[in-house]
Amino acid sequence: MPGAPTLYARVILDSPLPQLDHPFDYAVPERLRGEIRVGQKVIVPLRSGKRRCDAWVIDLVDESEFGSKAADVESIVSPVEILPSALYELARSIADRQAGSAVDVLRLAIPARYVRAESAFLALDRVVAPAHVPAREPSADKSYVQHAGGVSQLTTGQWVPRWVTAFVERAAAQLDLSLSTVCVVPDFRDIEHLMSAVTAAGLSEHTVRLDAGISGQERWVNYLRIVSGESLIVVGNRSSVYAPVAHLGLIQIWDDANDSFHEPLAPYAHPRDVALVRQSHTGCSLVFSSLVPSPAVARLVSLGFLKHDAESRRPLKIIPTDSMAQDSGSARIPPAVFTQGRAAISEGSVLVQVAKPGYASTLRCASCRSRAACTHCAGPLRQAKQQGPVSCRWCGRISTQFSCGSCHGHTLAPGASGGEKIAEELGRAFPGVRVLPVDASADVIVVEGKTLVIATPGTEPVAAGGYAAVFVLDGELARGREDIDADVDALNQWMSAAALARDNATVYVSGTGPVLGRVIATGDAMNFVTSELSSREALALPPATRVAVITATPQVLESVRATLEALPHRSVLGPVGLDADTARLILTFDYRDGAAVATALRALIVTTATVPRKPTPATAPTAKPRVSRLSVRMDDAWLTLN
DNA sequence: AGCACGCCGACT
DNA sequence: GTCGGCGTGCTC
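Numbering (my numbering), first residue to last: 9 to 650.
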């Protein structure tokens, strides 16, 4: 075809190397001209014909900005436009914000491909039904809905937490405007509840689920539906915040303070931040909702970015106790559980929230009461089941012959009681009552009838009609964690249990301490979290500031230290040596300096990844050059700052 | 990461 | 004169 201008595909390489995280131009050969589209996955050569690399087409252009001769695109992997340009732009922004790579974000956002499931989906040749009304412009309302808790019954008879029905109502309202909603929730229990509610509302045809609770094939087919342009409700866990649905009207996130939202994979972006960036790109509405505001959300409320929409309190008798029981060798069961619990169980199910799973989650020496330690690694010993083996929490070794490190005693005694032990004791105290211990490994999400449920935080099933009484034990354990968010997390943990009680039920919370006790009794969590936030402001701690945790070998960290200290910052903590070859430095900085700091950190990552391949020629001739990696984690509040 | 290009020692 | 060692730098 003489005179036909060259067509170039601008692609992002699917490579983890930070120095390759930018667009590359490849010429589109004649044979692929009619076929290639933005969003497709392709295969391209790299540096030589032999080496090839997967890549995503992010643009098709007539002129290349590349100075030399571009190589040819080799082939197209699939006709599907897997990466809508809006998703690439989101990934780019998130990567830039977090000093990471766009491909790393895409790996979280795009599920694994299943070729057979894809062929079957394409063979259906489904026509996306035109929406009954053309999609409206989203309304860009941004709010924090402080939920009052409670449970509600669906038309199908099932019971779900009441926030679930609120989520489905908001999503249904969007669908009426032909707009899509992305619902991001912490775990499979929430997803199951939402799926039940969506079905009860007759919306299951318009809903797709994205999480590990469905097979890989189903997930890929759901993803294909998402990119095919339908207006949908997407229900999923943290990575579904990226779901590239068309006509996005609303992103709603439940309980953004939940631990499950910490992303363990680079670039470690929190779904809350992703939602905020996505809101700014698309102008969609945004709802954060929870029982207790996270400090990050409280900040957005105090800035006026989020409208605070607090539901009025539910009638509950909340009884905080500084400490309901002292460590008495037997299970730490406050007397109220026996007296009030007996009355409540005749009315309905009763929930006991315990801090620890298992039987005896810690063990002590029977004679001197010191903590029982593993003889191999000094890790803590525990007993998962009554009559079960005693094992080490760290190394897993079974301990057959205990010998106390302090007094050489040989007898073990239970320390903190786990749910199994409490269940056993309560089973004896309440003959004829069904006692159900629940922990993270259980998949009970609803209980019927009159059941005494003993659950660890976050695993509490919903009771039909709501619990007749709720007892939170071990409150002081939740408060005592050495984490800057310990108090807020403890409040949230207790409120989550209280939220499952029926109206007018009594909720006992032990070990609250005076301050948090007052907060749960009055229900004024927003005030508490806001004051917590202002103390963080004074100390220059997140989320009043942003934070970057920089990890590298001590040598590398030392070599970049001056550059780091020259960046705009509120504080520099460290460097601290973590072990022989890792050191860490923590930088806090203002939100307005975020872009500058991220760009500078990114530049350091790229230079340390490319330049230093020689250790010292004199010292170790055979020692292979240490991969001198500089790792950056932005805004990961999971670090313990103390 | 890989892979190619580049500039110094032992081979035909 | 050239084959090949691995140090250095780039990948459209």
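Think of the CB as a built atom: it goes at the ideal place given N, C-alpha and C, for glycine as much as any other residue.
Handout entry: 8 Å CB neighbourhood of L211 in its chain, flanking five on each side removed
Key = Within its own chain, the residues whose Cβ lies closer than 8 Å to the Cβ of L211, once the five positions on either side in sequence are excluded, are V176, A179, A180, L183, I241, listed in chain order.
Problem - N-terminal and C-terminal residue of the beta strand (DSSP E) that L294 is part of - result: Going by DSSP, L294 is part of the beta strand (DSSP E) stretching over 293-298.
Practice task
Count the other C-beta atoms from every protein chain shown that fall within 10 angstroms of the C-beta of Y599, then say buried if there are 16 or more, exposed otherwise.
Solution key: Exposed: under 16 other Cβ atoms inside 10 Å.
Exercise for the section: Identify the continuous alpha helix (DSSP H) that holds F175 and give its terminal residues. Expected result: Residues 170-184.
Practice task
Under 8 Å by Cβ, that's how I've got S357 and Y475 pegged, so tell me the actual separation to the nearest angstrom.
Solution key: Contact holds; Cβ gap of about 5 Å.
Problem - Contact between the region 295-309 and the region 537-544 (3+ Cβ pairs under 8 Å) - result: With the cut-off at 8 Å, the region 295-309 and the region 537-544 touch.
Exercise for the section: Would you decide whether G643 is buried or exposed? Buried here means 16 or more other CB atoms lie within 10 Å of its CB. Expected result: For the record, residue 643 in the displayed sequence is Asp; it is not Gly. D643 should be labelled buried.
Handout entry: Span separating the alpha-carbon of V81 from that of L114
Key = Near 21 Å, if we compare the C-alpha coordinates of L114 and V81.
Problem - Separation of D104 from R350, as counted between CA atoms - result: Roughly 57 Å separates the two Cα atoms.
Handout entry: Alpha-carbon to alpha-carbon, A611 and V19
Key = So the alpha carbons of these two residues sit roughly 21 Å apart.
Practice task
Starting from Y231, trace the alpha helix (DSSP H) both ways and give me its first and last residue.
Solution key: Element bounds for Y231: 224-235.
Exercise for the section: Could you say which of A156, V398, Y34, L91 lies nearest to P53 if we only look at CA atoms? Expected result: Nearest in C-alpha terms to P53, of all of A156, V398, Y34, L91, is Y34.
Exercise for the section: Return the first residue and the last residue of the beta strand (DSSP E) that T559 is part of. Expected result: That run of the beta strand (DSSP E) goes 554-560.
Practice task
Specify whether the region 498-513 and the region 307-326 touch according to this definition: at least 3 beta carbon pairs, one from each stretch, less than 8 Å apart.
Solution key: Enough Cβ pairs lie closer than 8 Å, so yes.
Exercise for the section: Return yes when the Cβ of A471 is within less than 8 Å of the Cβ of T514, no when it is not. Expected result: Cβ atoms of T514 and A471: not closer than 8 Å.
Exercise for the section: Would you mind stating whether D70 and P31 have Cβ atoms separated by less than 8 Å? Expected result: With respect to P31, D70 sits apart: the two C-beta atoms are not nearer than 8 Å.
Exercise for the section: Can you tell me the Cβ-Cβ gap for L98 and H289, rounded? I've got them flagged as a contact below 8 Å. Expected result: Beta-carbon to beta-carbon, L98 and H289 are separated by about 6 Å, close enough to satisfy the 8 Å threshold.
Practice task
Please state whether DSSP places H270 in a helix, a strand or coil.
Solution key: Note: H270 maps to coil in three-state DSSP.
Exercise for the section: Identify every run of the alpha helix (DSSP H) within the region 447-513, keeping only runs that are complete inside it and at least 4 residues long; order them along the chain. Expected result: Runs of the alpha helix (DSSP H) inside the region 447-513: 483-487, 494-506.
Problem - Exposed unless 16 or more other CB atoms sit within 10 angstroms - verdict on P26 - result: With 16 or more other Cβ atoms from the protein chains shown falling within 10 Å of its own Cβ, P26 counts as buried.
Handout entry: P86 - DSSP class collapsed to helix/strand/coil
Key = In the sequence as displayed, the identity of residue 86 is Ser instead of Pro. Here S86 sits in coil by DSSP.
Problem - One or two residues paired with Y16 in a DSSP bridge - result: In the DSSP output, where bridge partners are listed per residue, Y16 has A35, V69.
Handout entry: Closest residue to D601 among P576, L609, V537, T347 (Cα-Cα distance)
Key = Looking at P576, L609, V537, T347, the one whose alpha-carbon comes closest to that of D601 is P576.
Handout entry: Helix, strand or coil at G655 [DSSP, three-state]
Key = Nothing about residue 655 can be read from this structure; the chain reaches only from 9 to 650.
Problem - Rounded straight-line distance, which links the Cα of S239 to that of V46 - result: Whole-angstrom Cα-Cα distance: 21 Å.
Exercise for the section: Taking all protein chains shown into account, decide if H384 is buried (16 or more other Cβ within 10 angstroms of its Cβ) or exposed. Expected result: Counting the other Cβ atoms within 10 Å of the Cβ of H384 gives fewer than 16, which makes it exposed.
Problem - Endpoints, the beta strand (DSSP E) within which I51 is located - result: That run of the beta strand (DSSP E) goes 49-54.
Exercise for the section: From the DSSP output, read off the bridge partner residues of T596. Expected result: T596 is bridged to V555, S579.
Problem - Cα-Cα separation, P623 to V564 - result: Because the pLDDT at P623 is just 45, under 50, the model does not fix this residue reliably, and the value given afterwards should be weighed accordingly. Going from the Cα of P623 to the Cα of V564 covers about 11 Å.
Handout entry: Cα-Cα separation between Q106 and E271, rounded to whole angstroms
Key = Roughly 12 Å separates the two Cα atoms.
Handout entry: the region 227-237 contacting the region 291-301, beta-carbon criterion three pairs below 8 Å
Key = Two segments are said to touch when three or more pairs of C-beta atoms, one from each, lie closer than 8 Å; by this definition the region 227-237 does not touch the region 291-301.
Problem - Reduced DSSP secondary structure (H/G/I, E/B, other) of T329 - result: In this structure, T329 counts as strand in the three-state DSSP scheme.
Handout entry: Buried/exposed call for G312, threshold 16 Cβ in 10 Å
Key = Taking all protein chains in view, the Cβ of G312 is surrounded by fewer than 16 other Cβ atoms within 10 Å, so the residue is classified as exposed.
Exercise for the section: Put I430 into one of helix, strand or coil per three-state DSSP. Expected result: Three-state result, I430: helix.
Problem - Burial state of N500 (16 or more Cβ within 10 Å) - result: When all chains shown are included, N500 counts as buried.
Exercise for the section: Compare the beta carbon distance of L444 and V454 with 8 Å and say whether it is the shorter of the two. Expected result: At a Cβ-Cβ threshold of 8 Å, L444 and V454 do not count as neighbours.
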